[in-house]
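Peer 1: First the structure, which I've put down as structure tokens, then a few questions once you've had a look.
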Amino acid sequence: MDYASSLQCGWVAIHLFGLIAACMVRIYAGTAAESPLQGVFLLGLAGVAVATLAGEQFSWPLWTLSATTLALMLVIAIADFRSQQHEPV
């Protein structure tokens, strides 16, 4: 495996790790596993942020995908997609 191929595999792995960590935090919200998963999420968030900054600084053509992954991770972590149960007035 040459250098470019291993760099691409690492880049994809960082992004998949970040997205999976964000989803796992949402799935296990309110359980005992939430706290360790939040730490894993922050680690993934930092990794994707560094990948985004590195891509932008080195003018990699796909750095906007890193920025999209970063934004998607934030939306997954913050937004509440559960249906709201409103009580009648």
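Quick note on this note's numbering: the sequence shown kicks off at 41 and runs consecutively. C-beta: ideal position from N, C-alpha, C; glycine also.
(1) Can the beta-carbon of residue 85 be found less than 8 angstroms from the beta-carbon of residue 58?
(2) Under 8 angstroms by Cβ, that's how I've got residue 77 and residue 61 pegged, so tell me the actual separation to the nearest angstrom.
(3) The alpha helix (DSSP H) with residue 84 in it runs from where to where?
(4) Please say whether residue 87 and residue 54 have beta carbons closer to each other than 8 angstroms?
(5) Drop a sphere of 10 angstroms on the beta-carbon of residue 121, count the other beta-carbons inside from all chains shown, and report buried for 16 or more, exposed for fewer.
(6) So residue 108 is in the alpha helix (DSSP H); what residue range does that whole segment cover?
(7) Between the alpha carbons of residue 47 and residue 70, how many angstroms are there, rounded?
Peer 2: Judging by the given coordinates:
(1) For this step, residue 85 is matched to residue 45 along the sequence shown. For this step, residue 58 is matched to residue 18 along the sequence shown. Yes.
(2) For the purposes of this step, residue 77 is identified with residue 37 of the sequence shown, where counting begins at 1. For the purposes of this step, residue 61 is identified with residue 21 of the sequence shown, where counting begins at 1. So it is a contact: roughly 7 angstroms between Cβ atoms.
(3) To locate residue 84, count along the sequence shown from 1; it is residue 44. First-last of the alpha helix (DSSP H) with residue 84: 74-97.
(4) Taking the first residue of the sequence shown as position 1, residue 54 is located at position 14. Taking the first residue of the sequence shown as position 1, residue 87 is located at position 47. Against a cut-off of 8 angstroms, the Cβ pair of residue 87 and residue 54 comes out as a contact.
(5) Looking up residue 121 in the sequence shown gives position 81. Exposed, since its Cβ has fewer than 16 Cβ neighbours within 10 Å.
(6) To locate residue 108, count along the sequence shown from 1; it is residue 68. Run containing residue 108: 103-118, per the alpha helix (DSSP H) assignment.
(7) Position 7 of the sequence shown, counted from the start, is the residue given in the question as residue 47. Position 30 of the sequence shown, counted from the start, is the residue given in the question as residue 70. Each residue's Cα considered, the two are about 36 angstroms apart.
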